[in-house]
Amino acid sequence: MRMSRCGYFGDLVCYLCDAADESIPHLFFTCPYSTFCVQVVSRRLEVCIPVSDTWTWWEHFSFKTDFQKKVVGAVICALIYYISKARNHILHNCVLIRPEIWCKSLIPELMFRCKNVVDSNVLSKHVAWLESL
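Structure representation (structure tokens):
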């Protein structure tokens, strides 16, 4: 992505799927690896996150509560980070971690982080919702 803007024109194929040129829209919205990860996490959150247009969806989706919106927003940010991390892992270690395995480690970490940021001001029903995930 950034390498092509800096003058590097070597192999620019996506490291995650090896099927298309790497770009930000491809990496986060059309790459089979990232779409799989988004689907797994959205099933776990019981929220349908359409991969093709996450940002438009985010603006128009009505969440049940502001708390749920904050949790899902944090998860989307974490997904972006973890997809980038998976790509960089392949780049630097030449090892592809299957998305099923990647998501198995991703989901518990996401839940752990979300539960740790919950403060005493959060209603018990929101804590119960978070615990149920």
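For the sequence shown, the numbering used here begins at 41 and goes up steadily by one.
C-beta atoms are modelled at their ideal positions from N, C-alpha and C, and glycine is treated no differently.
Please name the residue or residues paired with residue i in a DSSP beta bridge.
i   : result
D61 : V53
Along the chain, where does the alpha helix (DSSP H) that runs through residue i open and close?
i    : result
L67  : Counting along the chain, L67 falls outside any alpha helix (DSSP H), and DSSP gives it neither H nor E.
E171 : 164-172
E149 : 139-156
S117 : Checking the sequence shown, residue 117 turns out to be Cys, not Ser. Run containing C117: 106-133, per the alpha helix (DSSP H) assignment.
L136 : No alpha helix (DSSP H) holds L136; DSSP gives it neither H nor E.
C77  : 72-85
Once the 5 residues before and after residue i are set aside, which same chain residues still bring their CB inside 6 Å of it?
i    : result
C130 : For the sequence presented, residue 130 should be read as Ile rather than Cys. These residues qualify, in order along the chain: Y55, L136.
A126 : W142
N128 : none
Based on Cα-Cα distance, which residue from the options lies nearest to residue i?
i    : options                : result
S172 : L85, F69, C117         : L85
A114 : H132, S164, M151, A126 : M151
R191 : A118, W169, C77        : Residue 191 cannot be examined here, being either before or after the span of the chain that is shown, 41 to 173.
Y121 : H166, L146, P72, W169  : L146
L170 : K110, K125, R138, S124 : K110
F76  : L52, E149, C143, A59   : C143
V81  : V167, I123, H166       : I123
P139 : A60, E62, Q79          : Q79
V87  : N128, N156, C134, V112 : V112
Verify the contact flag: residue i, CB atom, against every heavy atom of the ligand SAH, threshold strictly below 7 Å.
i    : result
F107 : For the structure depicted, the ligand SAH is absent and the ligand set is empty, with no information on it obtainable.
Only counting the same chain, and skipping five residues up and downstream in sequence, which positions put a Cβ closer than 8 Å to that of residue i?
i    : result
D61  : L52, V53, C54
L163 : F107
Quick one: what's got a C-beta closer than 7 Å to residue i's C-beta in the same chain, skipping five residues either side?
i    : result
H166 : T105, F107
H66  : C54, A60
C57  : C71, P72, Y73
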